[in-house]
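Before any comments, here is the structure.
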Amino acid sequence: MRNQLETLAKPRPLLDRRGWAAFLAIGFVLIVLVPLLNILPGRGSMLHLSDYLIPLLGKYACYAILALSLDLVWGYAGILSLGHGAFFALGGYAMGMYLMRQIGTRGVYGHPVLPDFMVFLNWKELPWYWQGFDSFPFAMLMVLLAPGILALVLGWFAFRSRVTGVYISIVTQAMTFALLLAFFRNDMGFGGNNGLTDFKDILGFPIQAPSTRIGLYVVSVIVLGLCFLLCRFVTQSKLGRVLLAVRDAESRTRFLGYSPTAAKLFAFVLSALLAGIAGALYVPQVGIINPGEFSPANSIEIAIWVAVGGRGTLYGAILGGVVINLVKTWLTGAAPELWLFVLGGLFIASTLLFPKGIVGMVGQWKAWRDQKKAYALDDKAAAEKGAE
Numbered sequence: 004m005r006n007q008l009e010t011l012a013k014p015r016p017l018l019d020r021r022g023w024a025a026f027l028a029i030g031f032v033l034i035v036l037v038p039l040l041n042i043l044p045g046r047g048s049m050l051h052l053s054d055y056l057i058p059l060l061g062k063y064a065c066y067a068i069l070a071l072s073l074d075l076v077w078g079y080a081g082i083l084s085l086g087h088g089a090f091f092a093l094g095g096y097a098m099g100m101y102l103m104r105q106i107g108t109r110g111v112y113g114h115p116v117l118p119d120f121m122v123f124l125n126w127k128e129l130p131w132y133w134q135g136f137d138s139f140p141f142a143m144l145m146v147l148l149a150p151g152i153l154a155l156v157l158g159w160f161a162f163r164s165r166v167t168g169v170y171i172s173i174v175t176q177a178m179t180f181a182l183l184l185a186f187f188r189n190d191m192g193f194g195g196n197n198g199l200t201d202f203k204d205i206l207g208f209p210i211q212a213p214s215t216r217i218g219l220y221v222v223s224v225i226v227l228g229l230c231f232l233l234c235r236f237v238t239q240s241k242l243g244r245v246l247l248a249v250r251d252a253e254s255r256t257r258f259l260g261y262s263p264t265a266a267k268l269f270a271f272v273l274s275a276l277l278a279g280i281a282g283a284l285y286v287p288q289v290g291i292i293n294p295g296e297f298s299p300a301n302s303i304e305i306a307i308w309v310a311v312g313g314r315g316t317l318y319g320a321i322l323g324g325v326v327i328n329l330v331k332t333w334l335t336g337a338a339p340e341l342w343l344f345v346l347g348g349l350f351i352a353s354t355l356l357f358p359k360g361i362v363g364m365v366g367q368w369k370a371w372r373d374q375k376k377a378y379a380l381d382d383k384a385a386a387e388k389g390a391e
């Protein structure tokens, strides 16, 4: 038991030298080269990245953050949450409320305070829960608090009651569906079925301007990098190894003197915060947030991203989130009726053929290659020894 405790306490590096080199190289390409390829080459050049691609890449960065958030709890703590779409949507609504407050008299009805949908529904004053959203710092605080508090309350009751396995998946999906129904109601004051849209400015910059879109993309990529490093720090720390122990043997971990409830609650709340940040970055780039983001199908799709990329690896989650959404973008334009079949097929294939995901499959191939080289060297050494 003492050796096990010492193993948990042994520090591990955040990234090795090759890892830092790859991280910085990818960051340079995404943060520097991609914007330059949009700005410098002429529109007729083969090197030019169109104005359409920049927010699309920014959206993929948001999806990657969302996949990271789920991988933290599913891949490392063994909690299959099917409610991360709700945390993403809550962060998005908090940002959307700030953006709606920036419209002012430029709305269809020209009301200086009330959003257009409230004027249309004959509301006379701004609801109390909209107060303060004209301030960007307050809105960013709500981006964190809304999903964070929900995750804290839900996780505290669930983990304290030792709800695990499929039951936690059912609870989180029920929460998502309940929020979906609530936000569809016009009397909730969040735009009902249409949601929040027609945004004008963010921090005083026109939201449709190419320079603003590039800025949002760059911020999304930087935040993705910071979220990756944060998750990497957590998973490489003592807490990360406790989470792995909880995932693999919760009762034994409790017997060793650790608190599985506290570890799981921390990971669950942190993942909800990351999902909320992803939603806040997503909304100004797509220009709308509506109750459809609460759809349980969205949360299931997030789990498929992580499963296909490789859960418990972090970079596998990023890879899955980006690659699957690239395929989705192409396929929904070329053959939209096939997308759901392809998505389901990918999930089945990842479950049956490569359960460790793309990253795990690559790792297995490398291990097989190294083993083959080792056998070849052993055979060569044996042959040389026999020749002597």
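Start counting the sequence shown at 4; every next residue gets the next number (the numbering used here). The C-beta atom is built at its ideal place from N, Cα and C for all residues, glycine as well. Since the structure is predicted, the reported quantities are computational estimates derived from the model, not experimental observations.
Can you give me the C-alpha to C-alpha distance between residue i and residue j, rounded to a whole angstrom?
i      : j      : result
Val345 : Leu355 : 15 angstroms
Gly168 : Leu83  : 7 angstroms
Thr335 : Phe258 : 50 angstroms
Pro115 : Ala185 : 27 angstroms
Glu128 : Leu117 : 7 angstroms
Arg357 : Met364 : One detail in the question is off: residue 357 reads as Phe in this sequence, not Arg. Spanning the two alpha carbons is a distance of roughly 6 angstroms.
Leu155 : Phe271 : 8 angstroms
Ala142 : Tyr101 : 6 angstroms
Phe231 : Ala181 : 30 angstroms
Leu227 : Ala67  : 7 angstroms
Leu199 : Lys241 : 42 angstroms
Phe139 : Lys203 : 15 angstroms
Val245 : Thr256 : 8 angstroms
Ala28  : Tyr112 : 49 angstroms
Phe350 : Gly312 : 10 angstroms
Ile57  : Gln105 : 24 angstroms
Gly78  : Met121 : 42 angstroms
Leu157 : Ala265 : 13 angstroms
Asp373 : Val326 : 27 angstroms
Gly195 : Gly94  : 17 angstroms
Ala300 : Asp19  : 37 angstroms
Trp342 : Arg314 : 22 angstroms
Phe26  : Phe193 : 39 angstroms
Lys369 : Ala212 : 46 angstroms
Ala278 : Gly99  : 15 angstroms
Trp333 : Pro339 : 9 angstroms
How is residue i classed by DSSP in three states: helix, strand or coil?
i      : result
Asp19  : coil
Ile305 : helix
Phe160 : helix
Leu346 : helix
Leu199 : strand
Met4   : Caution applies to Met4, whose pLDDT of 43 falls short of 50 and renders its modelled position unreliable; the model cannot decide the point.
Pro209 : strand
Ile82  : coil
Ile292 : strand
Can you list, in chain order, the residues of its chain whose CB lies under 7 angstroms from that of residue i, leaving out five sequence neighbours each side?
i      : result
Trp159 : Leu268
Ala161 : Ile171, Val174
Met145 : Ala97
Pro303 : The sequence given here places Ile at residue 303; Pro does not occur at that position. Around Ile303: Leu85.
Gly290 : Thr200, Phe202
Might you give, ordered along the chain, the residues of its own chain that have their beta carbon closer than 6 angstroms to the beta carbon of residue i, omitting 5 neighbours on each side?
i      : result
Glu253 : Pro263
Arg15  : Gln239
Ala64  : Ser223, Val224, Leu227
Arg5   : Legend: pLDDT at Arg5 = 46, less than 50; position of this residue unreliable, value from coordinates given subsequently. Nothing meets the Cβ criterion.
Leu33  : Val224
Gly81  : Arg250
Gly243 : Val237
Let me check understanding here. Comparing Cα to Cα, which of the options lies closest to residue i?
i      : options                        : result
Ala320 : Leu329, Gly61, Ala310          : Ala310
Val362 : Thr316, Ile351, Val326         : Thr316
Ala306 : Leu75, Ala24, Leu39            : Leu75
Ala149 : Ala379, Leu273, Thr215         : Leu273
Phe187 : Gly295, Trp368, Gly30          : Gly295
Leu124 : Gly78, Asn197, Tyr55           : Asn197
Phe318 : Leu36, Gly194, Ala248, Gly366  : Going by the sequence as given, residue 318 is Tyr instead of Phe. Checked all of Leu36, Gly194, Ala248, Gly366; the closest Cα to Tyr318 is Gly366.
Ile205 : Asp137, Leu322, Phe193         : Asp137
Leu69  : Ala24, Ser353, Asp190, Leu322  : Leu322
Pro38  : Arg216, Glu340, Pro209, Trp368 : Arg216
Ser214 : Gly360, Trp23, Ala377, Tyr55   : Tyr55
Ile210 : Ser164, Met103, Lys359, Asn189 : Met103
Short check: CB of residue i to CB of residue j, under 9 angstroms?
i      : j      : result
His87  : Ser72  : yes
Gly135 : Leu276 : no
Gly324 : Trp308 : yes
Ala92  : Ile280 : no
Leu59  : Gln176 : no
Thr130 : Leu219 : Reading off the sequence, residue 130 comes out as Pro, not Thr. Cβ distance not < 9 angstroms, so Pro130 and Leu219 don't count as in contact.
Met191 : Ala89  : no
Leu284 : Gly61  : yes
Asp119 : Gly107 : no
Leu183 : Phe31  : no
Please list, in chain order, all residues of the same chain as residue i whose beta carbon is under 8 angstroms from its beta carbon, the five residues on each side excluded.
i      : result
Phe45  : Looking at the sequence shown, residue 45 is not Phe but Gly. The residues are His51.
Leu40  : Leu50, His51, Leu52
Val221 : Ile34, Pro38
Arg235 : Leu17, Leu18, Leu317
Trp133 : Met100, Arg104, Gly192
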